[in-house]
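Structure first, then comments.
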Amino acid sequence: MSEIIKLDKLTRKFGSMTAVKDVSFGVEKGSIFGFLGPNGSGKSTVIRMLCGLLEPTSGDAWLDGASVRENSERIKGNIGYMSQSFSLYRDLTVQENLAFYGKIYGLRRERLRKRIEESMELSGITSKRKQLSGTLSGGWKQRLALACSMLHEPGIIFLDEPTAGIDPVARRDLWELLFQLSKEGVTLFVTTHYMDEAERCTHIGYIFLSELMVCGKPAELKILPEVTPAGTVWLEASSDRITQALSLIKKAPGVLDATIFGESIHIRAREGFGEREAARALEAGGVSLESFRAVKPSLEDVFVSLTRERLKARGAA
Numbered sequence: 004m005s006e007i008i009k010l011d012k013l014t015r016k017f018g019s020m021t022a023v024k025d026v027s028f029g030v031e032k033g034s035i036f037g038f039l040g041p042n043g044s045g046k047s048t049v050i051r052m053l054c055g056l057l058e059p060t061s062g063d064a065w066l067d068g069a070s071v072r073e074n075s076e077r078i079k080g081n082i083g084y085m086s087q088s089f090s091l092y093r094d095l096t097v098q099e100n101l102a103f104y105g106k107i108y109g110l111r112r113e114r115l116r117k118r119i120e121e122s123m124e125l126s127g128i129t130s131k132r133k134q135l136s137g138t139l140s141g142g143w144k145q146r147l148a149l150a151c152s153m154l155h156e157p158g159i160i161f162l163d164e165p166t167a168g169i170d171p172v173a174r175r176d177l178w179e180l181l182f183q184l185s186k187e188g189v190t191l192f193v194t195t196h197y198m199d200e201a202e203r204c205t206h207i208g209y210i211f212l213s214e215l216m217v218c219g220k221p222a223e224l225k226i227l228p229e230v231t232p233a234g235t236v237w238l239e240a241s242s243d244r245i246t247q248a249l250s251l252i253k254k255a256p257g258v259l260d261a262t263i264f265g266e267s268i269h270i271r272a273r274e275g276f277g278e279r280e281a282a283r284a285l286e287a288g289g290v291s292l293e294s295f296r297a298v299k300p301s302l303e304d305v306f307v308s309l310t311r312e313r314l315k316a317r318g319a320a
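For reference, each letter of the sequence shown is one residue, going 4 to 320 in the numbering used here.
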């Protein structure tokens with residue numbers, strides 16, 4: 004598939020501070036690209052440059068062939084943007100909000116009417132058309148925000164933490180809408196802090212301390228040699244006293260790192276550390292081992308490992 008978004012050494016400085024440094028990657032048309040990183044890592048700055056709202060200090064990026072440095076106005080007409088704080092007018096109905104944004108996009112009467120109906124149907128909010136947006140739940144507001152962002156039929160939609168603050172059912176429903184848009188050829192550029200949402204993306208980029216660390220499919224990132232260095236393994240253990248078990252496991256010889264993951268403990272250890280060693284470590288503290296198995300690293304394991312390695316490298320520099 005062809006790349007509809009391409010970044011080449013994209014850099015942005017604010018005075019002496021480098022917010023984004025030499026970021027390069029591509030996003031395929033119709034894909035769902037997850038852009039992850041801690042707060043302050045440069046995610047928002049990258050998005051602002053891609054949307055034509057902030058000029059790069061150096062490097063360039065192209066959206067559907069248009070340069071952000073030379074064709075920012077053309078780019079703005081082919082993108083949609085939705086955030087967790089998308090501005091909806093509380094005293095306007097769902098339909099009136101859509102009509103307002105449609106006019107901002109310059110849609111004429113007949114096309115505006117048609118696109119309002121199509122956007123409401125696709126986002127599943129037709130039944131709410133006469134309801135004031137201020138009375139909608141968080142999930143319905145996000146559906147309306149998505150409908151507003153796609154009124155002008157953009158080829159690319161940027162979604163900045165679109166599911167923050169909404170319940171799990173609403174999150175799932177919103178992702179079903181995103182999958183539908185992706186099937187129709189719309190490219191989705193999503194930022195999120197939820198690892199389960201990152202798993203749903205076709206590709207992921209991870210930015211840390213202003214630099215892109217990795218980019219690829221979720222399955223590819225989990226087998227990176229930096230995540231599981233030679234001579235190490237990933238394991239999972241469970242106990243009815245999880246916090247005490249974590250403390251004991253961390254002190255066990257051969258354990259490199261351990262963290263609570265749901266109702267179990269994810270362990271990165273040297274080869275040779277197994278169930279017998281784990282049980283012995285827990286029994287020394289009066290805690291029993293309920294289950295133990297080898298596992299593949301999760302995306303959270305991937306990003307934590309990469310982040311720690313980068314911080315360690317910076318400390319040694």
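Positions of the beta carbon are idealized from the N, C-alpha and C atoms, including for glycine.
Nonlocal neighbours in the same chain, by C-beta distance under 6 Å from residue i, ignoring five residues either side
i	result
residue 193	37 and 162
residue 119	101
residue 257	272, 273 and 276
Identified DSSP bridge partners for residue i
i	result
residue 70	65
residue 26	13
residue 163	86 and 194
residue 135	96
residue 210	215
residue 20	17
residue 31	6
Classification of residue i by the beta-carbon crowding that lies within 10 angstroms, buried from 16 upward
i	result
residue 136	buried
residue 124	exposed
residue 301	buried
residue 289	exposed
residue 172	exposed
residue 59	buried
residue 263	exposed
residue 100	buried
residue 320	Note that residue 320 scores 44 on pLDDT, short of 50, meaning its location in the model is unreliable and no value can be drawn from it.
residue 19	exposed
residue 183	exposed
residue 15	buried
residue 224	buried
residue 186	exposed
residue 306	buried
residue 179	exposed
Reduced DSSP secondary structure (H/G/I, E/B, other) of residue i
i	result
residue 215	strand
residue 320	Low per-residue confidence applies at residue 320: pLDDT is 44, beneath 50, and the placement is therefore not dependable, though the value from the model is reported in the following sentence. If DSSP states are grouped into helix, strand and coil, residue 320 belongs with coil.
residue 175	helix
residue 15	strand
residue 5	coil
residue 332	Since the first residue shown for the chain is 4 and the last is 320, residue 332 is missing from the structure and cannot be characterised.
residue 230	coil
residue 39	strand
residue 60	coil
residue 223	helix
residue 129	helix
residue 235	strand
residue 200	helix
residue 169	coil
residue 52	helix
residue 154	coil
residue 246	helix
residue 188	coil
residue 45	coil
Close Cβ partners of residue i (< 8 Å) along its chain, the five nearest in sequence each way excluded
i	result
residue 79	54 and 55
residue 235	259, 271, 272, 273 and 274
residue 141	168, 169, 170 and 173
residue 177	142, 145, 146, 149, 165, 166 and 169
residue 219	206 and 207
residue 281	238, 240, 252, 255, 270, 292 and 295
residue 2	For the chain, the structure presents residues 4 to 320; residue 2 sits outside this window and is missing.
Contacts around residue i, its chain only, beta-carbon distance under 7 Å, and the 5 residues preceding and following it disregarded
i	result
residue 71	52, 53, 55, 59, 63, 64 and 78
residue 91	100, 136, 144, 147 and 148
residue 152	83, 84, 85 and 160
residue 69	77 and 78
- At what residue ranges does the segment 252-315 contain a whole run of the alpha helix (DSSP H), taking only runs of 4 or more? 278-286
- Message: Give the list of continuous beta strand (DSSP E) stretches no shorter than 3 residues that lie fully inside the segment 62-126.
- Response: 82-86
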